[in-house]
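Number of protein chains: 2
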Amino acid sequence: MARRVRAYAGAVETRELRYFVAVAEELHFGRAAQRLGMAQPPLSRAISQLERRMGVELLQRDSHSVSLTAAGAVLLHEGRAALEAMEAAEHRTRRAALAAAGRPSIVLVTKAGASSELLAKLLHAYAAEPGSIPVDVMLCGPGQQARLLAGGRADVALLHRPFDDTTGFDTEELLTEGQVAVLPAGHVLSTHPSLRLSDLDDVPDLPRPRWPTSDGSYPPGPGPEVQSHSQLLQLISLGRTLMVSPDSCRSQLRDDTVAVPLVDAPRVTTVIAWPPSSRSLAVADLVRTAVRL
Amino acid sequence: MARRVRAYAGAVETRELRYFVAVAEELHFGRAAQRLGMAQPPLSRAISQLERRMGVELLQRDSHSVSLTAAGAVLLHEGRAALEAMEAAEHRTRRAALAAAGRPSIVLVTKAGASSELLAKLLHAYAAEPGSIPVDVMLCGPGQQARLLAGGRADVALLHRPFDDTTGFDTEELLTEGQVAVLPAGHVLSTHPSLRLSDLDDVPDLPRPRWPTSDGSYPPGPGPEVQSHSQLLQLISLGRTLMVSPDSCRSQLRDDTVAVPLVDAPRVTTVIAWPPSSRSLAVADLVRTAVRL
DNA sequence: CCTGGCCATACCGTGGCGGTATCGCGCCTG
DNA sequence: CAGGCGCGATACCGCCACGGTATGGCCAGG
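What follows is the structure, encoded as structure tokens:
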């Protein structure tokens, strides 16, 4: 017999949503509770309360395993976006207060080591604009930029299609280029005039590096763990790993590394992205300057 | 002596943000409290708590007037978006649950009376597509579509540039057309072959109609209050008001009204819009169908 | 059959939230 | 100039909801 659930009353609180997202990501109440810094029973209760109040089953608890229902998957997706919007509101407000107190600035985020020439030109050109304000450059690991931009920690980002997801942002294309494999000088592969992506698979002595994921842990694999671009370059020159990167990285290579064009790698487009809700004149100026380059 | 405020700890709760938005919109604690269905003192306290926790002054309370600081204005703007995202997460989750229970559908929202031919063609064409699902059409007053779409009550919308704000949505243009003035048959102006917008100002016997705003109240003015398109058309044929509308409305006019082209009115572009976070195949199909028309 | 892992339930204490009463402070008015 | 009034802040109180501990129920694996 289907139990009738009374009509839903209030709004979802961020606390509840944070709890749900944690459980939906871990698919394990105990680990989620640990991540949230709380005990498991109140978490269980909060989730079932949320389900009861929404009148929707979000998680399926079969014996010894938790899984998402279709509705739960939607709430995970939309809820992440909503939590990011809450965060963004908070960060942007705090930054607006600082700006009003006399320290206006733009935070630009980009993947460490990417598009550095373009970035240098952009910063130089923008600084020459009348009315420009200081630009704080924030460098981050791959795939983190969009999160920082959506979370309001940055005002504008340089993203790289097709790797970065640009949905939800306004963008302008700046540059499209091919990719190269960066290899240790003297390695067998480095003597080829060009390579294919498949040539880089299963090179036992050059396993792909591993970057930390958003929770700070590393995916499993044989490659070395890296936190920064310079670290990676050093590991390449030591003959421990390789890197696939847009052409423009060549200008920053050490002379004990070699860049070999990849004929079948997807072309990379660098775009400048900003949140559609942005009302900042400074961001608009920066974007205009970038497009003119 | 500036009082040092301790570093901010937790996240902003939707409750606090709802409270702040209410006060920021009313600029009056008493009225805001009334709107929120609570007493004024706890509201005052919640706001000052929020300010203390964020370490940011949001409202300026001079004697007998409340105003927004720069930071407060940012939080109002970003906070509205964040609350809409929370709402959207909730509504979409509930609709996903219904869909999973066997009643999948798309909710399409459009301004009542606009683009009806286009809409009819679209619905017909989409219904003929393989794998199409029922489309619930939701009609609303001018300027409400974007809110319904952002709030997750609709999956897709027909918007009209330049009137509707499309920031934050993905869009495809469908149709661009001129505008006409719809007048009572027999009115002096209706005999002109064409008109300018300025000709419609200060026509004492045809004051512009007033639509309800988002809070349900009407702006002040001499024109009649209207809630629906058919109501408006009836008022026009009674000689009480006039309407400015895209060309395509002609097909639905009663024969006691006349449409006169406006030579200097901005051209109107009908676009189909959907939230960038949408993962619905049905929405994608509907959009593809619309673009092909 | 026993053990261990995992989520749910039961029960308890505390902190936060909202309510009422009242204060402080300008402004307006007679 | 005194009194009234409008409005936000403060004081104080009661309740509920949230989080913690202890424990139960259930299933899988050995």
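As they're listed, the protein sequences go chains Y and E. Okay, so the first sequence: first residue is 1 according to the UniProt record's numbering, each after it adds one. Okay, so the second sequence: first residue is 1 according to the UniProt record's numbering, each after it adds one. Ideal Cβ positions, reconstructed from N, Cα and C, are used throughout, including at glycine.
Does the count of Cβ pairs from the region 280–288 of chain Y and the region 186–205 of chain Y closer than 8 Å reach three? no
Determine the extent of the alpha helix (DSSP H) in which R161 of chain E is found, giving its start and end residues. If you number the second sequence from 1, residue 161 of chain E lands on position 161. Where R161 of chain E is concerned, there is no enclosing alpha helix (DSSP H), although the beta strand (DSSP E) it sits in stretches over 156–161.
Can you tell me which of the three DSSP states T14 of chain Y falls into? Position 14 of the first sequence, counted from the start, is the residue given in the question as residue 14 of chain Y. Here T14 of chain Y sits in helix by DSSP.
For E172 of chain E, which residues does DSSP report across the bridge? Counting from 1 along the second sequence, the entry for residue 172 of chain E is found at position 172. In the DSSP output, where bridge partners are listed per residue, E172 of chain E has E:I272.
What did DSSP end up calling R4 of chain Y once you bin it into helix, strand or coil? Start at 1 with the first residue of the first sequence, and residue 4 of chain Y comes out as number 4. Low confidence applies here, because R4 of chain Y scores a pLDDT of 40, under 50, leaving its location unreliable and the question unanswered by this model.
The alpha helix (DSSP H) enclosing I47 of chain E, as first and last residue numbers: If you number the second sequence from 1, residue 47 of chain E lands on position 47. 40–54 is the span of the alpha helix (DSSP H), which, as asked, contains I47 of chain E.
May I ask you to verify whether the region 165–182 of chain E touches the region 247–260 of chain E, counting CB pairs closer than 8 Å and requiring at least 3? yes
Alpha carbon to alpha carbon, how far is S132 of chain E from Y126 of chain E? Give it in angstroms, no decimals. Within the second sequence, numbered from 1, the residue matching residue 126 of chain E stands at position 126. Within the second sequence, numbered from 1, the residue matching residue 132 of chain E stands at position 132. Approximately 7 Å between the Cα atoms of the pair.
Run down chain E in chain order and give the residues with a C-beta less than 8 Å from the C-beta of S277 of chain Y. Locating residue 277 of chain Y in the first sequence gives position 277, where the first residue counts as 1. Neighbours of S277 of chain Y on chain E, chain order: H77, E78, A81, T167, G168.
What beta strand (DSSP E) runs, 3 residues minimum, are completely inside the region 198–271 of chain Y? 243–246, 257–261
Could you give the first and the last residue of the continuous beta strand (DSSP E) run that contains L183 of chain E? Here residue 183 of chain E is taken as the residue at index 183 of the second sequence, counted from 1. Counting along the chain, the beta strand (DSSP E) containing L183 of chain E begins and ends at 179–184.
Whose C-alpha, out of E:V156, E:E51, E:T257, E:Q145, is nearest the C-alpha of L122 of chain E? Within the second sequence, numbered from 1, the residue matching residue 122 of chain E stands at position 122. The candidate whose alpha carbon is nearest that of L122 of chain E is E:V156.
Between the C-alpha atoms of V108 of chain Y and G152 of chain Y, what's the straight-line distance to the nearest angstrom? Reading the first sequence from its first residue, position 108 is the one you call residue 108 of chain Y. Reading the first sequence from its first residue, position 152 is the one you call residue 152 of chain Y. This sequence places Leu at residue 108 of chain Y; Val is not what is there. Answer to the nearest angstrom: the Cα atoms are 11 Å apart.
May I ask you to report which of helix, strand or coil DSSP gives D285 of chain E? Within the second sequence, numbered from 1, the residue matching residue 285 of chain E stands at position 285. Correct three-state label for D285 of chain E: helix.
Could you tell me which of Y:A185, Y:I236, Y:P130 sits nearest to P207 of chain Y, measuring between CA atoms? Mapped onto the first sequence, residue 207 of chain Y falls at position 207. Here the closest residue by C-alpha is Y:I236.
Is A71 of chain E closer than 9 Å to T14 of chain Y when the C-beta atoms are compared? Here residue 14 of chain Y corresponds to residue number 14 of the first sequence, with the count starting at 1. Here residue 71 of chain E corresponds to residue number 71 of the second sequence, with the count starting at 1. Contact flag unset, no.
Taking just the CA atoms, how far does A97 of chain Y sit from A97 of chain E? Numbered from its first residue, the second sequence carries residue 97 of chain E at position 97. Numbered from its first residue, the first sequence carries residue 97 of chain Y at position 97. Rounded to the nearest angstrom, the two C-alpha atoms are 41 Å apart.
When you compare the region 60–71 of chain Y with the region 20–29 of chain E, are there three or more beta-carbon pairs, one atom per stretch, that lie closer than 8 Å? no
With distance defined between alpha-carbon atoms, name the residue in Y:Q144, Y:T93, Y:A89 nearest to Q227 of chain Y. The residue labelled residue 227 of chain Y in the question sits at position 227 within the first sequence. Minimum Cα distance to Q227 of chain Y is reached at Y:Q144.
Spatial neighbours of L195 of chain E within its chain, please: C-beta separation below 6 Å, excluding the five flanking residues on both sides. Position 195 of the second sequence, counted from the first residue, corresponds to residue 195 of chain E. Within the same chain, L195 of chain E has close Cβ partners A181, V260, L262.
Name the residues in the UniProt domain "HTH lysR-type" (12–69) of chain E whose C-beta lies less than 8 Å from a C-beta of chain Y; which are they? V12, E13, T14, R15, L17, R18, M54, G55, V56, E57, L58, T69
Closer than 9 Å to chain E by CB, T93 of chain Y: Taking the first sequence and counting its residues from 1, one reaches residue 93 of chain Y at position 93. So yes, T93 of chain Y belongs to the interface.
Would you check if the region 272–281 of chain Y and the region 70–87 of chain E touch, i.e. whether three or more CB-CB distances between them fall below 8 Å? yes
Which residues in the same chain have their Cβ closer than 8 Å to the Cβ of I106 of chain Y, if we skip the five residues on either side of it in sequence? Here residue 106 of chain Y refers to the residue found at position 106 when the first sequence is read from its first residue. The residues are I133, P134, V135, D136, D155, V156, S280, A282, V283, L286.
Decide if R3 of chain E is buried, meaning its Cβ has at least 16 other Cβ atoms within 10 Å, or exposed. In the second sequence, the residue the question calls residue 3 of chain E occupies position 3. Low confidence applies here, because R3 of chain E scores a pLDDT of 38, under 50, leaving its location unreliable; read the following figure in that light. Exposed.
Run down chain E in chain order and give the residues with a C-beta less than 7 Å from the C-beta of V74 of chain Y. Residue mapping note: residue 74 of chain Y aligns to position 74 of the first sequence, counting from 1. Within 7 Å Cβ-Cβ: R92, T93, A96.
Helix or strand or just coil, what does DSSP make of S132 of chain Y? On the first sequence, residue 132 of chain Y is found 132 positions in, with the first residue counted as 1. S132 of chain Y falls in the coil class under three-state DSSP.
According to DSSP, is S67 of chain Y part of a helix, a strand, or is it coil? One-based indexing of the first sequence puts residue 67 of chain Y at position 67. Strand.
Three-way DSSP call (helix, strand, coil) for L58 of chain Y in this model: For this step, residue 58 of chain Y is matched to residue 58 along the first sequence. If DSSP states are grouped into helix, strand and coil, L58 of chain Y belongs with coil.
Coarse secondary structure for residue 295 of chain E, derived from DSSP in three states: Here chain E covers residues 1 to 293 and nothing more, so residue 295 of chain E does not appear.
Work out the CA separation of L36 of chain E and S230 of chain Y for me, nearest whole Å. Position 230 of the first sequence, counted from the start, is the residue given in the question as residue 230 of chain Y. Position 36 of the second sequence, counted from the start, is the residue given in the question as residue 36 of chain E. Looking at the two C-alpha atoms, the distance is approximately 54 Å.
Kindly list, in the order they appear in chain E, the residues whose Cβ is closer than 8 Å to that of A154 of chain Y. Position 154 of the first sequence holds residue 154 of chain Y. Within chain E, no residue comes near A154 of chain Y; the closest Cβ sits about 14 Å away, beyond 8 Å.
How would you list, in chain order, the residues of chain Y whose beta-carbon sits under 8 Å from the beta-carbon of A100 of chain E? Counted from its first residue, the second sequence places residue 100 of chain E at position 100. Per Cβ cutoff of 8 Å: T69, A70, A71.
For F20 of chain E, I'd like the list of residues in its chain whose CB is within less than 7 Å of its CB, leaving aside the five on either flank, ordered along the chain. Looking up residue 20 of chain E in the second sequence gives position 20. So the qualifying residues of the chain are I47, L50, L58, L75, G79.
C-alpha gap between A114 of chain E and E225 of chain E, whole angstroms: The sequence position of residue 114 of chain E within the second sequence is 114, counting from 1. The sequence position of residue 225 of chain E within the second sequence is 225, counting from 1. Rounded to the nearest angstrom, the two C-alpha atoms are 19 Å apart.
What three-state label does DSSP hand T110 of chain E in the structure shown? Working through the second sequence from its first residue, we reach residue 110 of chain E at position 110. Strand.
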